[in-house]
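Read the structure below first, then the notes.
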């Protein structure tokens with residue numbers, strides 16, 4: 237596998253993000269598609285400190301009035317509208333009170349005050365809103381946000397039976413349960429499982445082990461990691477149908493990026509054994525060597541969908557680009573932490589120490 241340096245990966249981030257911003261001068265609305273990209277843009281800013289990345293995110297937030305998608309009356313309960321809240325929180329920490337956590341809290345109070353827990357009926361919700369609920373709960377010291385997030389997660393996992401304990405994978409929603417499929421077939425959609433895996437990883441980073449729900453999230457994440465490791469194709473990609481990759485045998489970048497992101501976060505948190513580095517690295521190399529072209533365009537992304545399907549090389553989309561940027565950030569963190577990236581901070585410190593001896 238190709239040996240890479242930290243600065244090389246930062247260069248990839250810059251090429252990819254510069255191209256995206258140049259081709260999308262207007263940052264767009266605050267729906268999940270754009271919000272998933274913006275997480276990656278902030279990761280690129282964190283690594284590269286390019287002011288234009290921060291300004292792009294601020295312009296996006298201001299254009300959307302620091303609000304959830306189509307939510308002027310603070311009444312949406314749609315998880316897809318809430319992913320933008322994570323970047324808003326990041327910007328508030330960096331840039332002061334142009335928007336407020338209190339304004340976002342006005343919206344989620346509708347779910348907090350409702351005894352029903354069936355809002356997250358599709359598994360994508362775990363990326364769109366699980367970590368956000370936990371972050372805003374910690375930010376505002378409102379434990380009921382953290383409690384409600386777990387209840388909605390549990391409703392999807394257990395009450396709706398969307399998690400297959402035997403397989404360690406998720407059905408996208410109740411429509412895909414085996415008893416509703418022809419011949420009882422099990423369909424595990426790649427990107428849907430990617431949303432869960434990466435969403436759990438990001439949530440575990442937010443919550444500490446003292447949280448009463450941490451262990452449940454951790455156990456489910458580890459079970460998924462084991463199952464997903466076995467689903468990876470020889471070329472490092474995941475196809476859109478995890479258990480029947482031959483049905484759609486082309487590469488797919490958005491699910492692959494989400495799984496790779498989850499593996500690197502798991503490694504960085506010390507939750508996964510270092511043997512998972514090979515799985516993560518294979519995913520990264522597949523994305524970088526095959527899906528990414530010389531101009532920084534990330535292709536082979538499945539368009540907006542809810543099930544396995546065909547993919548075209550020319551397909552490039554916000555959420556895949558943003559997730560790739562997050563993957564680069566996490567790979568850099570892992571390389572610096574493990575000292576595996578020549579030119580990385582820990583590697584340089586080790587060399588200095590050897591020279592002093």
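Residue numbers (the numbering used here): 237 to 593. We put the CB at the ideal spot given by N, CA and C, even for glycine.
Report the rounded CA-to-CA distance for residue 323 versus residue 442, giving the unit in angstroms. Here the C-alpha atom of residue 323 lies approximately 14 Å from the C-alpha atom of residue 442.
For residue 484, name the three-state secondary structure that DSSP assigns. Three-state result, residue 484: coil.
Let's see if you can read the secondary structure: which residues bound the alpha helix (DSSP H) around residue 533? Neither: residue 533 is in no alpha helix (DSSP H) and is coded neither H nor E.
Between residue 342 and the rest of its own chain, which residues show a CB-CB distance below 6 Å, the 5 nearest in sequence each way excluded? The beta carbon of residue 342 lies closer than 6 Å to those of 310 in the same chain, with the five residues before and after it left out.
Please name the residue or residues paired with residue 477 in a DSSP beta bridge. For residue 477, the beta-bridge partners assigned by DSSP are 425.
contact_flag[the region 492-503, the region 412-430] where n(CB pairs < 8 Å) is 3 or more: The region 492-503, when compared against the region 412-430, does touch it at the 8 Å Cβ threshold.
Beta-carbon within less than 7 Å of residue 454's beta-carbon, same chain only, minus the 5 sequence neighbours each way: which residues are those? Answer for residue 454: 440, 507, listed in chain order.
How many angstroms separate the CA atom of residue 371 from the CA atom of residue 447? Looking at the two C-alpha atoms, the distance is approximately 13 Å.
Bridge partners - residue 405, DSSP secondary structure assignment: Looking at the DSSP output, residue 405 shares a beta bridge with 400.
Quick one: what's got a C-beta closer than 6 Å to residue 392's C-beta in the same chain, skipping five residues either side? The answer, listed in chain order, is 356, 398.
Could you tell me whether the region 548-565 touches the region 272-290, using the rule of 3 or more Cβ pairs below 8 Å? Flag = yes, the region 548-565 and the region 272-290 touch.
So is residue 539 buried or exposed if we call it buried at 16+ other beta carbons inside 10 Å? Here residue 539 is exposed: its Cβ has fewer than 16 other Cβ atoms, across all protein chains shown, within 10 Å.
Roughly how many whole angstroms lie between the Cα atoms of residue 590 and residue 575? Its pLDDT being 31, under 50, residue 590 is placed unreliably by the model, and the measurement read from it follows with that caveat. If I take the Cα positions, the gap works out to 14 Å.
Selection from 431, 402, 419 that minimises the alpha carbon distance to residue 409: The residue from 431, 402, 419 with its alpha-carbon nearest to that of residue 409 is 431.
Select from 459, 363, 534 the residue whose C-alpha is nearest the C-alpha of residue 400. Each of 459, 363, 534 was checked against the Cα of residue 400, and the nearest Cα belongs to 459.
Just verifying my parser: in three-state terms, what is the DSSP assignment at residue 443? Coil, per DSSP.
Of the residues 295, 303, 501, 354, the one placed nearest residue 569, counting alpha carbons only: Checking every option, the nearest Cα to that of residue 569 belongs to 501.
As assigned by DSSP and simplified to three states, the class of residue 579: Here the model assigns residue 579 a pLDDT of 39, short of 50, so the residue's position is not dependable and the matter cannot be decided.
How about the region 470-489 and the region 521-528: do they share at least three Cβ pairs that are nearer than 8 Å? Flag = yes, the region 470-489 and the region 521-528 touch.
Three Cβ pairs or more, each shorter than 8 Å: is that satisfied between the region 460-467 and the region 286-305? Contact fails: fewer than three Cβ-Cβ distances are below 8 Å.
Where residue 263 and residue 293 are concerned, what is the direct C-alpha to C-alpha distance, given to the nearest angstrom? So the alpha carbons of these two residues sit roughly 8 Å apart.
Just the Cα atoms here: how many angstroms apart are residue 379 and residue 449? When rounded, the distance between both Cα atoms is 12 Å.
In three-state DSSP terms, what is residue 508? Three-state result, residue 508: coil.
Per DSSP, residue 374 forms a beta bridge with which residues? Residue 374 is not bridged to any residue.
Can you tell me which of the three DSSP states residue 275 falls into? In this structure, residue 275 counts as helix in the three-state DSSP scheme.
DSSP bridge partner residues for residue 366 (one or two, in chain order): In DSSP, residue 366 forms no bridge with anything.
Helix, strand or coil for residue 413, going by three-state DSSP, please let me know. If DSSP states are grouped into helix, strand and coil, residue 413 belongs with coil.
Can you give me the start and stop residues for the alpha helix (DSSP H) that residue 386 sits inside? Here the alpha helix (DSSP H) through residue 386 covers 379-390.
Tell me, please, which residues DSSP counts as bridged to residue 561. For residue 561, which the question treats as bridged, DSSP gives no partner whatsoever.
DSSP-derived helix/strand/coil call for residue 528: Strand.
Sorted by chain position, which residues of the same chain lie with C-beta nearer than 7 Å to residue 295's C-beta, five sequence neighbours on each side aside? When the five nearest sequence neighbours on each side are left out, the beta carbons in the same chain lying within less than 7 Å of the beta carbon of residue 295 are those of 263, in order along the chain.
Could you say which of 253, 242, 237 lies nearest to residue 556 if we only look at CA atoms? Here the closest residue by C-alpha is 253.
What number of angstroms, rounded off, separates the C-alpha of residue 243 from the C-alpha of residue 365? One C-alpha to the other measures close to 32 Å.
For residue 498, I'd like the list of residues in its chain whose CB is within less than 6 Å of its CB, leaving aside the five on either flank, ordered along the chain. Annotation for residue 498: 433, 434, 437 place their beta carbon closer than 6 Å to its own, counting only its chain and skipping 5 residues before and after.
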